[in-house]
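Asks: If you want the working numbering, it's the 1-based position in the sequence shown plus 294. Pasting a structure below so you can have a look.
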Amino acid sequence: MRFRSRYISTRLEQSHQGVLTLWSVIAAFTTYFCMYAFRKPFTVAQYEDLVFWGLGYKVILLFAQISGYALSKLIGIKVISEMTANRRATMILSLIAIAHLALLPYAVAPYWLKPLFLFLNGLPLGMVFGCVFAFLEGRRVTEAMAAGLCASFIMASGTVKTVGAVLMQNYGVSEFWMPFATGGLFWLPLLVGVWMLQQIPPPGESDISARAVRSPFNGAERRQFFRNHAGGLTVLILLMVLLTLFRSVRDDYAAEIWSGFGIEKPAIFAQSETLVAAVVVALSAIAVFIGANYRAFFTGMLLTGIGFATALGTTLYYWGTTSWTEQAAFQFMVLIGISLYVPYVLFHTTIYERVIAMLRYKSNVGYLLYLGDFAGYLSTVILMATVNLVFANNLDFVALLFWLALIISPLSIAGTLYVIRYFHLRQSVSQPAPAPQLKLETDNRLGTNTGIVS
Numbered sequence: 295m296r297f298r299s300r301y302i303s304t305r306l307e308q309s310h311q312g313v314l315t316l317w318s319v320i321a322a323f324t325t326y327f328c329m330y331a332f333r334k335p336f337t338v339a340q341y342e343d344l345v346f347w348g349l350g351y352k353v354i355l356l357f358a359q360i361s362g363y364a365l366s367k368l369i370g371i372k373v374i375s376e377m378t379a380n381r382r383a384t385m386i387l388s389l390i391a392i393a394h395l396a397l398l399p400y401a402v403a404p405y406w407l408k409p410l411f412l413f414l415n416g417l418p419l420g421m422v423f424g425c426v427f428a429f430l431e432g433r434r435v436t437e438a439m440a441a442g443l444c445a446s447f448i449m450a451s452g453t454v455k456t457v458g459a460v461l462m463q464n465y466g467v468s469e470f471w472m473p474f475a476t477g478g479l480f481w482l483p484l485l486v487g488v489w490m491l492q493q494i495p496p497p498g499e500s501d502i503s504a505r506a507v508r509s510p511f512n513g514a515e516r517r518q519f520f521r522n523h524a525g526g527l528t529v530l531i532l533l534m535v536l537l538t539l540f541r542s543v544r545d546d547y548a549a550e551i552w553s554g555f556g557i558e559k560p561a562i563f564a565q566s567e568t569l570v571a572a573v574v575v576a577l578s579a580i581a582v583f584i585g586a587n588y589r590a591f592f593t594g595m596l597l598t599g600i601g602f603a604t605a606l607g608t609t610l611y612y613w614g615t616t617s618w619t620e621q622a623a624f625q626f627m628v629l630i631g632i633s634l635y636v637p638y639v640l641f642h643t644t645i646y647e648r649v650i651a652m653l654r655y656k657s658n659v660g661y662l663l664y665l666g667d668f669a670g671y672l673s674t675v676i677l678m679a680t681v682n683l684v685f686a687n688n689l690d691f692v693a694l695l696f697w698l699a700l701i702i703s704p705l706s707i708a709g710t711l712y713v714i715r716y717f718h719l720r721q722s723v724s725q726p727a728p729a730p731q732l733k734l735e736t737d738n739r740l741g742t743n744t745g746i747v748s
């Protein structure tokens with residue numbers, strides 16, 4: 295798909311920074327919001343009367359789709375980090391079209407074969423985020439642009455579930471045709487979003503000076519980059535694993551969790567996630583006002599630690615609650631959502647972005663994004679398989695969410711403190727780089743090696 299207007303792109307390049315940012319936010323938000331219509335709607339159905347191989351049918355379906363999604367993240371480590379700019383838009387539409395087509399045989403296939411088509415549905419979708427983010431990275435306002443992108447996956451998950459529930463409850467669409475039908479409703483805005491992405495001009499000289507060059511990142515360069523900073527990057531990825539585990543349970547089993555609270559309202563998904571998104575976007579966009587990469591990175595890590603501490607405090611406060619009112623359940627889900635999505639979004643908008651900028655590597659964020667996402671989703675598959683084999687059909691999803699919060703939060707706080715200390719020590723012993731030619735705020739650089747751009 296090549297529908298780039300040179301006129302619009304030039305006007306955006308010459309416009310006020312705020313105009314370009316707003317355009318980019320709308321484009322990224324629209325595109326990724328629509329992608330969720332092809333991925334998440336099936337999770338709103340509970341498939342209560344279906345059991346296969348001793349497991350609930352929804353567990354099998356989730357296992358299949360997330361396995362495909364995890365494999366997509368593994369493939370994306372190479373594909374996304376090496377992708378050139380002129381392939382992004384076509385790739386986005388091709389990936390989503392393949393995912394949508396997989397939902398058609400899913401609707402009509404026998405029960406034993408449906409998981410295969412959900413695996414095929416998840417397989418392409420894992421690479422969409424990297425394609426969209428590549429339009430935004432490496433800019434002085436990347437955090438603001440990416441905050442809009444990340445707001446989409448918070449709000450979209452609840453919204454497309456609400457759409458799916460309405461199709462089933464109000465229009466008589468079956469739980470197996472509903473995912474295909476929901477996706478069909480979002481093609482037009484998806485095309486608009488991708489067209490808008492294509493009009494975004496590449497980063498300018500001032501962006502490159504502030505955030506380093508972003509370019510395809512080959513295998514040898516990726517290995518060298520990781521080896522040079524393995525101590526800090528490994529723990530960052532482990533933090534992403536814990537975040538993904540926590541988020542996946544809250545998101546994929548939202549219907550069961552709300553049901554466990556005694557609440558059966560389709561609108562509750564969109565209501566809770568819209569509130570979560572509003573708070574998270576406001577907090578995660580703060581980093582755009584911090585010019586120095588070093589300070590922005592540590593601000594992001596500080597907010598990450600506060601998020602985990604809030605999750606732990608919320609869990610302890612509601613621990614032992616046996617009779618849930620709708621207000622109490624709503625407050626708990628929103629607080630937990632904010633607590634885990636603040637660090638999750640910061641990783642996608644600020645932490646990885648500023649690590650690349652801070653280390654001055656000629657690379658791109660896609661490598662770190664997909665390395666962390668693959669490890670996170672692979673761990674989610676393992677957790678789901680283990681928990682469901684142990685508890686079979688007696689799994690209490692509310693209790694699972696509580697226990698995950700209780701275990702993951704302190705581990706993540708410890709990991710956050712380690713990362714802060716690791717990069718602080720690296721910064722303390724490094725030599726500051728010469729000031730850039732453009733008049734920008736100078737920040738200390740980390741590390742010296744052949745991958746550094748002078």
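Even glycine gets a Cβ: it sits at the ideal position worked out from N, Cα and C.
(1) Give the DSSP-derived three-state secondary structure of residue 458 in the structure shown.
(2) Can you find the residues in the same chain that come closer than 7 Å, C-beta to C-beta, to residue 476, ignoring five residues on each side of it along the sequence?
(3) For the alpha helix (DSSP H) containing residue 299, list its first residue and its last residue.
(4) If you drop the 5 nearest sequence neighbours on each side, which residues of the same chain put their C-beta closer than 7 Å to that of residue 302?
(5) Alpha carbon to alpha carbon, how far is residue 305 from residue 548? Give it in angstroms, no decimals.
(6) Distance, Cα to Cα, residue 284 vs residue 537?
(7) Taking residue 414 as part of the alpha helix (DSSP H), name the residues at either end of that continuous run.
(8) Thinking just about the alpha-carbon of each residue, which of 513, 636, 692 is nearest to the one in residue 557?
(9) Answer yes if the stretch 433 to 440 comes into contact with the stretch 578 to 587, meaning at least three C-beta pairs across the two stretches below 8 Å, and no otherwise.
(10) With distances taken Cα to Cα, identify the nearest neighbour of residue 498 among 338, 553, 431, 399.
(11) Hey, would you say residue 246 sits closer than 7 Å to residue 599, going by beta carbons?
(12) Just mark residue 276 as buried or exposed, buried being the case when its beta carbon has 16 or more other beta carbons within 10 Å.
(13) Measure the Cβ-Cβ separation of residue 535 and residue 669 and say whether it is below 7 Å.
(14) May I ask you to list the residues that DSSP assigns as paired with residue 349?
(15) Quick one: grab the DSSP three-state call for residue 479.
(16) Return the first residue and the last residue of the alpha helix (DSSP H) that residue 646 is part of.
(17) Secondary structure at residue 401, three-state DSSP: helix, strand or coil?
(18) Assuming residue 375 contacts residue 661 (C-beta within less than 8 Å), just tell me the rounded distance between them.
(19) By Cβ distance below 8 Å, which residues in the same chain neighbour residue 340 in space, the five residues on each side in sequence not counted?
(20) Looking at residue 601 and residue 566, is the spacing between their C-beta atoms short of 7 Å?
(21) Does DSSP classify residue 471 as helix, strand or coil?
(22) How close, in whole Å, do the beta carbons of residue 426 and residue 491 come, if the pair is a contact with beta carbons under 8 Å?
(23) So the alpha helix (DSSP H) residue 572 belongs to, where does it begin and stop?
(24) In the stretch 682 to 725, which residue ranges form an unbroken beta strand (DSSP E) of at least 3 residues, counting only runs that do not cross its ends?
(25) Output the distance between the C-alpha atoms of residue 325 and residue 443, rounded to the nearest integer angstrom.
(26) Please go through the same chain and pick out, in chain order, the residues whose beta-carbon is closer than 7 Å to the beta-carbon of residue 363, but skip the five residues on each side of it.
(27) Assign residue 619 to one of three DSSP states: helix, strand, or coil.
(28) Check whether the Cβ atoms of residue 678 and residue 447 sit closer than 7 Å, and answer yes or no.
(29) If we count the other Cβ atoms within 10 Å of its Cβ and call it buried at 16 or more, is residue 342 buried or exposed?
(30) Go through its chain and collect everything with a Cβ distance to residue 563's Cβ below 7 Å, but skip five positions before and after it.
(31) Report back the beta-carbon spacing between residue 636 and residue 646 to the nearest angstrom; my notes put them in contact at under 8 Å.
(32) Have a look at 613, 609, 591, 630 and flag the residue whose alpha-carbon is nearest the alpha-carbon of residue 571.
(33) Leaving aside the five residues before and after residue 606 along the sequence, list all residues of the same chain whose C-beta is less than 8 Å from its C-beta, in chain order.
(34) Straight-line CA distance for residue 555 to residue 620?
(35) Consult DSSP for residue 512 and reduce its assignment to one of helix, strand or coil.
Replies: On the basis of the supplied data:
(1) helix
(2) Take residue 476, set aside five residues on each side of it, and the residues of its chain with a beta-carbon closer than 7 Å to its own are 331, 335, 454, 457, 458, 461, in chain order.
(3) Residue 299 -> no alpha helix (DSSP H), and no H or E assigned at all.
(4) When the five nearest sequence neighbours on each side are left out, the beta carbons in the same chain lying within less than 7 Å of the beta carbon of residue 302 are those of 493, in order along the chain.
(5) 43 Å
(6) Look at the range of the chain in this structure, 295 to 748, and you will see that residue 284 is not part of it.
(7) Element bounds for residue 414: 408 to 419.
(8) 692
(9) yes
(10) 431
(11) In the structure as shown, the chain begins at 295 and stops at 748. Residue 246 is therefore absent and cannot be evaluated.
(12) The first residue shown for the chain is 295 and the last is 748, placing residue 276 beyond what the model contains.
(13) yes
(14) The partner list for residue 349 (beta bridge, DSSP) reads 346.
(15) Three-state result, residue 479: coil.
(16) 646 to 653
(17) In the structure shown, residue 401 sits in a helix (DSSP, three-state: H, G or I).
(18) 4 Å
(19) 352, 549, 550, 553
(20) No; because the gap between Cβ atoms is not below 7 Å, this pair is not in contact.
(21) coil
(22) 7 Å
(23) 561 to 578
(24) none
(25) Looking at the two C-alpha atoms, the distance is approximately 9 Å.
(26) 416, 419, 420, 671
(27) coil
(28) no
(29) That one is exposed.
(30) 452, 455, 456, 548
(31) Actually they are not in contact, since the Cβ atoms of residue 636 and residue 646 sit about 15 Å apart, beyond 8 Å.
(32) 630
(33) Sequence-distant Cβ neighbours of residue 606 in its own chain, meaning closer than 8 Å and more than five residues away, are 699, 700, 703, 704, 707.
(34) 8 Å
(35) The answer is coil: DSSP assigns residue 512 none of H, G, I, E or B.
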